[in-house]
């Protein structure tokens, strides 16, 4: 299977594998426990700040991951890239929270999306987050 890690996706690859190693005890399974420990230690030794990180990650994946794992990694990278390229994002809500929001939106006669947008705009004006104030100051200094 052709797959190469690039400098553009090396951070995403590293995070994906790191999370898998942390959360899935069966992600690396070898007949020899020493090989599994060695693979994990070798992965932990890869530093993204090093010039060789891209090559090291690529070699690590080709050495220790099975074809199915590489396919899953590629799919995760495609999904992440797709999300970055969209103007919209999705969020997860508990079903009961979603139901409550939907009821509130219906009471105002608007869609859930419009209700959330209005709610956030109203709250944002009240709170005036510090980051927003800094951005507004930067924009004013750029204009003058």
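In the working numbering, the protein residues as written are 1334 to 1477. Just so you know, even glycine gets a beta-carbon here, dropped at the ideal spot from N, CA and C.
Among the residues of its own chain, which have a CB less than 8 Å from the CB of residue 1477, if the five just before and after it don't count? Translated into positions along the chain shown, residue 1477 becomes position 144. Here residue 1477 scores only 44 on pLDDT, less than 50, and its place in the model is too uncertain to base an answer on.
Does DSSP classify residue 1443 as helix, strand or coil? For the purposes of this step, residue 1443 is taken as the residue at position 110 of the chain shown. It is coil, neither helix nor strand.
Secondary structure, alpha helix (DSSP H): runs of 4+ residues fully inside the segment 1338–1421: 1343–1356, 1366–1377, 1386–1397 and 1400–1418
Are the segment 1402–1419 and the segment 1334–1346 touching, with three or more C-beta to C-beta distances below 8 Å? yes
Would residue 1416 and residue 1424 qualify as a contact pair, given that the criterion is a beta-carbon distance under 8 Å? For the purposes of this step, residue 1416 is identified with residue 83 of the chain shown, where counting begins at 1. For the purposes of this step, residue 1424 is identified with residue 91 of the chain shown, where counting begins at 1. Not in contact: residue 1416 and residue 1424 (Cβ atoms no closer than 8 Å).
State buried or exposed for residue 1448, treating a residue as buried only when at least 16 other CB atoms are found within 10 Å of its CB. As a first step, residue 1448 must be located in the chain shown, where it is residue number 115. Buried, by the Cβ-count rule.
Any idea if residue 1463 is buried or exposed, counting beta-carbon neighbours within 10 angstroms, 16 or more meaning buried? Within the chain shown, residue 1463 is the residue found at index 130, counting from 1. By the 10 Å Cβ count, residue 1463 comes out exposed.
Nearest residue (CA-CA) to residue 1395, options 1384, 1346, 1460 and 1432: Along the chain shown, read from residue 1 onward, the residue named residue 1395 stands at position 62. Per the Cα distances, 1346.
Looking at residue 1379: is its Cβ nearer than 8 Å to the Cβ of residue 1390? By one-based count along the chain shown, residue 1379 stands at place 46. By one-based count along the chain shown, residue 1390 stands at place 57. It is a contact, given that the beta carbons lie within the stated cut-off.
So, at 8 Å on beta carbons, what are the nonlocal neighbours of residue 1381 in its own chain, with the 5 sequence-adjacent residues on each side left out? Here residue 1381 refers to the residue found at position 48 when the chain shown is read from its first residue. Correct list, in chain order: 1343, 1344 and 1347.
Reduced DSSP secondary structure (H/G/I, E/B, other) of residue 1449: Counting from 1 along the chain shown, the entry for residue 1449 is found at position 116. Residue state, collapsed to three classes: helix.
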